[in-house]
Amino acid sequence: MSRLKADPAAMEITAIRASGPGGQHVNKVATAIELRFDLAASCLPDAVQTRLLNSGDRRLSRDGVIVIKAQRYRSQEKNRLDAIERLETLINQYAQAPRQRIATRPGRAAKERRLKEKQKQSDKKARRGAVKPGPD
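Heads up, our numbering is the position in the sequence shown plus 1223, with the first residue counted as 1.
What follows is the structure in structure tokens.
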């Protein structure tokens, strides 16, 4: 399957001040990027939108907007590209439907190992208990 690209029409990119250390430069320049991507306004397939909405990802707001803050680099342009790349990685993570689990049954050896371990645990607990007074 080809990689899905984020729809630029559904993106809102804002330059903000980065948090953290940086001296006087950090207080003057807005190098961090906040990218907001509205799932409802995007042209992503319905199945991908549904999987993203049901993902429970912390970057997804209640109204279906993905918010990504990029402040890894000192350059605004690099942070913008980083935010878009991270958004596309997230979208492509949910682009492919998860494989259905095929129910299997444990084999004979696995059952025997389980029962042997249970018996071992039972014997260990049976040996516990009140200590009988000895002949003194």
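For each residue, glycine too, the CB sits at the ideal point set by N, CA and C.
Secondary structure of residue i, DSSP reduced to three states
{"i": "residue 1259", "result": "strand"}
{"i": "residue 1273", "result": "helix"}
{"i": "residue 1310", "result": "helix"}
{"i": "residue 1345", "result": "helix"}
{"i": "residue 1375", "result": "Past the edges of the chain, shown from 1224 to 1359, lies residue 1375, and the structure says nothing about it."}
{"i": "residue 1323", "result": "coil"}
{"i": "residue 1224", "result": "Note that residue 1224 scores a pLDDT of 48, beneath 50, so its modelled location is shaky and nothing firm can be said."}
{"i": "residue 1355", "result": "coil"}
{"i": "residue 1231", "result": "helix"}
{"i": "residue 1350", "result": "coil"}
{"i": "residue 1303", "result": "helix"}
DSSP bridge partner residues for residue i (one or two, in chain order)
{"i": "residue 1292", "result": "1257"}
{"i": "residue 1283", "result": "1289"}
Enclosing beta strand (DSSP E) for residue i [first to last residue]
{"i": "residue 1237", "result": "1234–1239"}
Neighbourhood of residue i by C-beta, 7 Å cutoff - its chain only, sequence neighbours within 5 removed
{"i": "residue 1224", "result": "Model confidence at residue 1224 stands at a pLDDT of 48, short of 50, so the residue's coordinates are unreliable and nothing is read from them."}
{"i": "residue 1241", "result": "1249, 1254, 1255, 1294"}
Near the ligand MG: residue i beta-carbon under 7 Å from a heavy atom
{"i": "residue 1255", "result": "Summarising the ligand content, the structure contains no ligands, and the ligand MG is consequently not present."}
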